[in-house]
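Structure record follows, encoded as structure tokens.
Chains as they are written, first to last, in our numbering: chain H, 16 to 243; chain W, 153 to 745.
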């Protein structure tokens with residue numbers, strides 16, 4: 016198989032690293048070679064947080080870093096952070112899966128006025144596929160706004176060719192018993208959201224939607240890169 | 153064989169455990185911190201945080217001379233602190249295996265400089281290992297310990313941020329117990345300063361043996377693709393000499409090139425490298441950091457190489473950067489949206505409820521010059537506070553403030569965290585008192601090493617293994633240094649903090665304010681542990697004066713109607729917003745029901 020390239024982005028405290036890890040572990044469970052990368056330390060104090068996950072055939076994944084223009088999916092837990100990594104997307108087949116949620120940077124002067132509220136329209140205008148999901152609101156409805164990350168990974172799961180049972184096993188293993196049931200519900204809610212906002216697609220077996228306005232209708236398949 | 157997804161740092165810890173390491177020490181520092189945190193989970197390993205890197209190194213040195221297998225960890229600037237023993241230990245040589253992890257940070261993700269510590273190892277005449285993935289992070293520990301014992305030398309393993317924090321699949325093994333080697337006190341060997349001239353030739357002889365070892369060790373391997381061993385360079389043939397995680401980028405970007413993958417980068421295998429260069433028309437040298445390998449090749453007379461002139465010396469490498477430098481593979485047109493839309497930066501900031509906030513609010517209002525130090529509080533230099541004016545290295549706040557004062561800047565405050573004070577601040581304070589300073593020092597005492605993720609230190613009361621430990625009495629320590637004016641305040645009582653710092657500034661003698669309050673990220677600070685409730689805004693009392701917004705708490709945002717609203721999931725009940733509210737509209741949620 017081709018290598019699948021994913022980027023997870025958000026704000027420190029949103030649980031970016033957790034869902035990157037869930038995805039990487041699920042890919043391991045499904046028998047793939049996996050590399051993941053993240054940066055710890057100062058960036059976790061309310062700053063931008065990103066993690067790359069790549070998976071594919073055994074011994075075929077060398078670099079942990081996704082190359083620009085080759086990401087199949089960028090998962091943004093916040094709009095500005097989704098925008099920040101949008102240029103990593105494969106311009107033809109990539110999808111930005113973004114939580115329809117804004118967090119104004121706290122240590123930037125007049126940030127509320129400067130915040131790019133129109134970012135997703137801007138990216139659509141650039142021809143990128145953008146899927147906005149109300150993950151934070153949905154998580155609140157489920158009783159805990161902090162589960163937006165798990166809702167987003169649920170939505171992602173509907174786009175990747177990784178078996179659902181592997182996702183569920185990973186979640187059960189990784190999430191503490193106290194929060195397990197709620198998170199499993201959040202995950203399934205995310206899977207449904209993804210379906211509601213467009214047909215689920217896999218990483219193989221479907222043809223990309225060629226050209227045109229690609230922010231409506233069925234999602235195009237995210238195709239892995241070919242450089243391996 | 154079981155394979156697990158491990159980070160480079162987790163794999164190093166696993167490798168140390170499997171290879172029979174019995175003692176491990178270090179000081180927290182990104183990107184090295186997780187090694188000891190993971191190693192501490194194994195009951196067979198005596199793992200500890202030390203007061204600073206120099207002490208950690210010396211404790212490890214003693215344990216290795218005493219016959220144990222030892223791992224010592226630190227970030228790259230930590231080795232500057234430990235450079236004193238690092239330069240001398242090789243003269244005596246080790247007994248038990250001794251591996252030092254030096255974690256470099258190309259790109260300065262969490263550091264104040266870029267520093268390629270292979271040059272420190274060159275100075276110390278110590279061999280350097282550079283793994284290139286998580287599996288090698290594990291395997292090279294055992295390799296390094298054996299190399300260390302075979303040549304009686306400390307060994308440095310250089311990691312980088314991307315290597316330390318990336319994850320890959322690692323095949324796990326079992327622990328091998330290694331019995332303690334016998335230690336014979338030998339004055340002529342271990343009393344280096346007195347018998348230095350006896351030991352000096354031994355260092356060179358060892359290096360010569362290691363140079364031969366470098367030619368044959370399997371961790372220096374050539375993957376022949378574009379040419380063959382001994383062949384003359386074919387037209388267009390490309391070879392790459394690389395080390396560390398850059399090897400993975402090369403594999404990704406240049407699949408057709410021959411690759412000389414160096415796992416041992418000091419000393420270098422000169423003969424093999426010359427042969428490799430001769431077999432290719434063009435040789436790229438791809439190494440993160442300085443031109444360490446490249447300079448060596450140049451000294452050997454190689455003329456067909458391209459290194460830093462193409463790839464650059466500043467910052468972190470990536471597949472994209474290497475591809476752009478050689479322009480070998482067409483890359484997708486790189487879009488740069490930041491030119492067309494406000495891609496606001498998102499710098500880090502103080503956490504919700506952080507006790508540092510009141511201190512920086514006072515310093516901002518007092519308009520004093522602030523000499524800062526290394527820790528979360530470097531963020532006091534950022535808006536909205538902009539109240540930390542110098543920051544250099546661990547413990548530098550006090551000496552810098554002293555110097556500023558001598559230069560005539562009387563209203564200068566030094567600010568330092570408790571862990572950093574223990575690490576390198578104490579001698580500076582003793583010196584300031586001794587040399588007649590009138591400085592004001594604020595110690596932010598949050599009972600932990602905050603920035604690196606809440607590691608205990610001698611003032612915290614527990615060890616890395618979670619055992620209770622004697623708690624360093626900071627007040628007594630400061631008084632013992634000769635400071636008579638010492639005030640201790642609750643860091644969340646903003647008026648008290650202001651009064652104390654203002655009073656300290658009026659003293660004509662050294663004055664210390666200890667702003668005390670545990671880091672909100674410590675488990676004992678959870679609301680449930682403190683039987684506290686989150687705070688809420690009573691809109692019927694709120695006049696929208698915006699005083700609470702001036703606390704700059706990330707949990708306080710604005711409703712559509714313009715009222716402040718506190719995120720009850722994030723609120724830590726630090727009470728500071730309630731203290732500034734003139735109409736008592738803010739209070740704990742349970743008092744409002």
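For each residue, glycine too, the CB sits at the ideal point set by N, CA and C. No experiment lies behind these values; they were computed from the predicted model shown.
CB contact check: residue i to chain H, cutoff 9 Å
i	result
residue 243/W	no
residue 397/W	yes
residue 493/W	yes
residue 714/W	no
residue 525/W	no
residue 166/W	no
residue 163/W	no
residue 400/W	yes
residue 488/W	yes
As assigned by DSSP and simplified to three states, the class of residue i
i	result
residue 84/H	coil
residue 234/H	In this prediction, residue 234/H has a pLDDT of 36, which is less than 50 and means its spatial position is unreliable; nothing more can be read from the coordinates.
residue 167/W	helix
residue 248/W	coil
residue 154/W	coil
residue 200/W	strand
residue 667/W	strand
residue 620/W	strand
residue 505/W	coil
residue 377/W	coil
residue 643/W	coil
residue 185/H	helix
residue 552/W	helix
residue 597/W	strand
residue 658/W	helix
residue 740/W	strand
residue 175/H	coil
residue 99/H	helix
residue 292/W	helix
residue 493/W	coil
Length of the line joining the Cα atoms of residue i and residue j
i	j	result
residue 641/W	residue 507/W	11 Å
residue 473/W	residue 491/W	20 Å
residue 547/W	residue 662/W	17 Å
residue 417/W	residue 290/W	18 Å
residue 285/W	residue 161/H	33 Å
residue 161/W	residue 186/W	6 Å
residue 307/W	residue 189/W	21 Å
residue 237/W	residue 350/W	18 Å
residue 365/W	residue 301/W	14 Å
residue 223/H	residue 116/H	For residue 223/H, the pLDDT reaches just 34, beneath the cut-off of 50, and the residue's location in the model is therefore unreliable, although a value from the coordinates is still provided. The alpha-carbon atoms of residue 223/H and residue 116/H are separated by roughly 28 Å.
residue 465/W	residue 628/W	47 Å
residue 478/W	residue 189/H	42 Å
residue 561/W	residue 521/W	8 Å
Exposure of residue i, with buried meaning 16 or more beta-carbon neighbours within 10 Å
i	result
residue 16/H	exposed
residue 587/W	exposed
residue 262/W	buried
residue 50/H	buried
residue 269/W	buried
residue 394/W	buried
residue 556/W	buried
residue 352/W	exposed
residue 572/W	buried
residue 220/H	Here residue 220/H scores only 32 on pLDDT, less than 50, and its place in the model should not be relied on; the value that follows carries that caveat. Residue 220/H is exposed by the Cβ-count criterion.
residue 105/H	buried
9 Å Cβ cutoff, residue i in contact with chain W
i	result
residue 218/H	Any reading at residue 218/H must be qualified, since the residue scores a pLDDT of 38, below 50, and its modelled position is unreliable; the value itself is stated next. Taking Cβ atoms only, chain W never reaches closer than 9 Å to residue 218/H, which makes this a no.
residue 116/H	no
residue 159/H	yes
residue 102/H	yes
residue 83/H	yes
residue 121/H	yes
residue 194/H	no
Nearest-angstrom beta carbon gap, residue j and residue i [assumed within contact, 8 Å]
i	j	result
residue 410/W	residue 367/W	About 18 Å; that fails the 8 Å criterion.
residue 255/W	residue 311/W	5 Å
residue 207/H	residue 157/H	So it is not a contact: roughly 12 Å between Cβ atoms.
residue 121/H	residue 501/W	5 Å
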